[in-house]
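Engineer: Take any residue in the sequence shown, count from 1 to its spot, add 7: that is its number in this note's numbering. Beta carbons: idealized from backbone N, C-alpha and C, even for Gly. In this text the structure is predicted, and so the values were computed from the model without any measurement.
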Amino acid sequence: MDIWGQAGNDVRLEWGSDGVATLGSVCAVLVVVDVLSFGTTVDLVVGNGSQVLPLRWRDEQAAEAASAAGAVLAGARDWTLRPSSVVTMPPSMLFGLPSPNGATLCSAAAETGAHVFAGCLRNASAVAEAAHDVAGSAAIGVIPGGERWGVNMFSTTTDALGPLRPCVEDQLGAGAIVAALRTLGRSVSAEAQLAASAYAATDIRTTLPDCSSGRELIAAGHAGDVELASHVDISTAAPRLIEGVLRG
8 MDIWGQAGND VRLEWGSDGV ATLGSVCAVL VVVDVLSFGT TVDLVVGNGS
58 QVLPLRWRDE QAAEAASAAG AVLAGARDWT LRPSSVVTMP PSMLFGLPSP
108 NGATLCSAAA ETGAHVFAGC LRNASAVAEA AHDVAGSAAI GVIPGGERWG
158 VNMFSTTTDA LGPLRPCVED QLGAGAIVAA LRTLGRSVSA EAQLAASAYA
208 ATDIRTTLPD CSSGRELIAA GHAGDVELAS HVDISTAAPR LIEGVLRG
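#1: Can you have a look at E67 and say buried or exposed, based on whether 16 or more other CB atoms are within 10 angstroms of its CB?
#2: Taking the alpha-carbon positions, what's the A227 to A137 distance?
#3: How is the alpha helix (DSSP H) around V185 delimited, first residue to last?
#4: Could you tell me whether the region 220-240 touches the region 98-110, using the rule of 3 or more Cβ pairs below 8 Å?
#5: So if DSSP puts Q68 in a beta bridge, which residue, or which two residues, is it bridged to?
#6: Can you check which of these residues, D140, A203, R129 and G56, is closest to A181 by C-alpha distance?
#7: Can you tell me whether DSSP reads H139 as helix, strand or coil?
#8: State the CB to CB distance for the pair P216 and D177, rounded to an integer number of angstroms; the pair is presumed to be in contact (CB under 8 Å).
#9: Can you grab the Cα-Cα spacing for the pair H139 / E118, in whole Å?
#10: Whose C-alpha, out of A81, P97 and G120, is nearest the C-alpha of S106?
#11: Going by beta carbon distance, what residues of the same chain come within less than 6 Å of S74, once the five residues before and after it are set aside?
#12: How about Y206 and L179: do their beta carbons lie closer than 8 Å?
#13: Can you tell which of A244, G255 and I225 has its C-alpha closest to the C-alpha of L43?
#14: Given G153, which residues of its chain have a CB within under 7 Å of its CB, disregarding the five upstream and five downstream residues?
#15: Whose C-beta lies closer than 7 Å to the C-beta of P90 among residues of the same chain, with five residues either side of it excluded?
#16: Output the residue ranges of the alpha helix (DSSP H) runs that lie fully inside the region 69-129 and measure 4 residues or longer, sorted by chain position.
#17: Check I249 in the structure and name its three-state DSSP category.
#18: Name the residue from A245, G157, A116 and E250 whose alpha carbon lies nearest to the alpha carbon of C311.
#19: If you drop the 5 nearest sequence neighbours on each side, which residues of the same chain put their C-beta closer than 6 Å to that of V256?
#20: Whole angstroms is fine: what's the gap from I10's alpha carbon to S32's?
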């Protein structure tokens with residue numbers, strides 16, 4: 008019996024890159040959850056009719072990959088990883104979006120052979136329904152990304168990459184997706200149930216600004232990004248990674 012893969016459950020949950028490695032071999036679908044801010048930014052871009060090319064870091068290699076794909080690299084214009092920066096992005100764009108967390112996990116998840124979705128609070132039910140349809144009778148893994156000690160939200164290099172810091176916002180985002188999957192008749196593991204219970208018991212709109220990641224963004228003058236991320240189920244976008252690009 009595969010204990011660490013949470014065998015016997017339709018919906019399973021593990022954190023970060025180790026979670027991807029553990030669940031990628033036993034789940035048909037992996038849902039990467041990075042609420043502040045990759046998943047929220049992706050939802051806004053895809054919801055507006057554009058697509059996202061996930062890139063691990065904003066470096067020379069990312070610039071070359073974006074150029075080769077014909078993508079506009081984040082930072083080249085006014086569009087960045089910040090959700091508020093992409094609200095007015097026009098449709099039909101290919102947006103190269105570096106992220107040391109969400110984008111990196113999407114790439115790692117794709118390498119396992121699983122179908123990959125990017126989720127957040129805004130599109131929790133839409134992503135759950137799409138993942139449910141794609142998985143069929145197979146298992147779904149939900150991967151809250153977490154943060155890294157020593158790496159803030161504005162890091163662009165791996166110089167200070169520290170150990171995983173499980174974070175409130177991704178626990179809640181994962182919980183919202185698990186809760187939606189449960190309403191579709193899916194059985195859930197104890198780990199997934201814990202996230203769903205936390206989500207059900209939490210006032211999202213007051214908790215996100217008060218968690219460490221929310222406070223970090225607000226202190227940097229980005230309260231609007233936290234506000235955008237705190238909305239639940241207002242989007243019908245279900246960003247899915249197809250041939251290296253997140254599409255609606």
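Structural biologist: A quick look at the data gives this:
#1: The sequence position of residue 67 within the sequence shown is 60, counting from 1. Result: exposed.
#2: The residue you call residue 227 lines up with position 220 of the sequence shown. The residue you call residue 137 lines up with position 130 of the sequence shown. Taking the straight line joining both Cα atoms gives about 35 Å.
#3: As a position in the sequence shown, residue 185 is number 178, starting the count at 1. That run of the alpha helix (DSSP H) goes V175 to T190.
#4: no
#5: One-based indexing of the sequence shown puts residue 68 at position 61. BP columns for Q68 are empty, so no partner.
#6: The count along the sequence shown starts at 1 and reaches residue 181 at position 174. Nearest option by C-alpha distance: A203.
#7: Residue numbering aside, residue 139 sits at position 132 when the sequence shown is read from its first letter. Looking at H139 - three-state DSSP - the assignment turns out to be helix.
#8: Stepping through the sequence shown from its first residue, residue 216 is reached at position 209. Stepping through the sequence shown from its first residue, residue 177 is reached at position 170. Incorrect: roughly 16 Å between the Cβ atoms, too far for contact.
#9: Position 132 of the sequence shown, counted from the first residue, corresponds to residue 139. Position 111 of the sequence shown, counted from the first residue, corresponds to residue 118. Roughly 20 Å separates the two Cα atoms.
#10: Taking the first residue of the sequence shown as 1, we reach residue 106 at position 99. Among A81, P97 and G120, the Cα nearest to that of S106 belongs to A81.
#11: For the purposes of this step, residue 74 is taken as residue 67 along the sequence shown, with counting starting at 1. For S74, where only same-chain residues beyond five positions count, there are no Cβ hits under 6 Å.
#12: Indexing the sequence shown from 1 puts residue 206 at position 199. Indexing the sequence shown from 1 puts residue 179 at position 172. Yes; because the gap between Cβ atoms is below 8 Å, this pair is in contact.
#13: In the sequence shown, the residue the question calls residue 43 occupies position 36. Of A244, G255 and I225, the residue nearest in Cα terms is I225.
#14: Mapped onto the sequence shown, residue 153 falls at position 146. Here the set comprises W22, G23, L171, R172, P173, C174 and D177.
#15: Position 83 of the sequence shown holds residue 90. Cβ within range, chain order: S44, T47, T48, L51, D232, L235 and A236.
#16: 109-118
#17: Indexing the sequence shown from 1 puts residue 249 at position 242. If DSSP states are grouped into helix, strand and coil, I249 belongs with the strands.
#18: Only positions 8 to 255 of the chain appear in the structure, and residue 311 is not among them; the question remains open.
#19: Given that the chain is displayed from residue 8 to residue 255, the structure contains no residue 256 and the question cannot be resolved.
#20: Indexing the sequence shown from 1 puts residue 10 at position 3. Indexing the sequence shown from 1 puts residue 32 at position 25. Roughly 13 Å between the two C-alpha positions.
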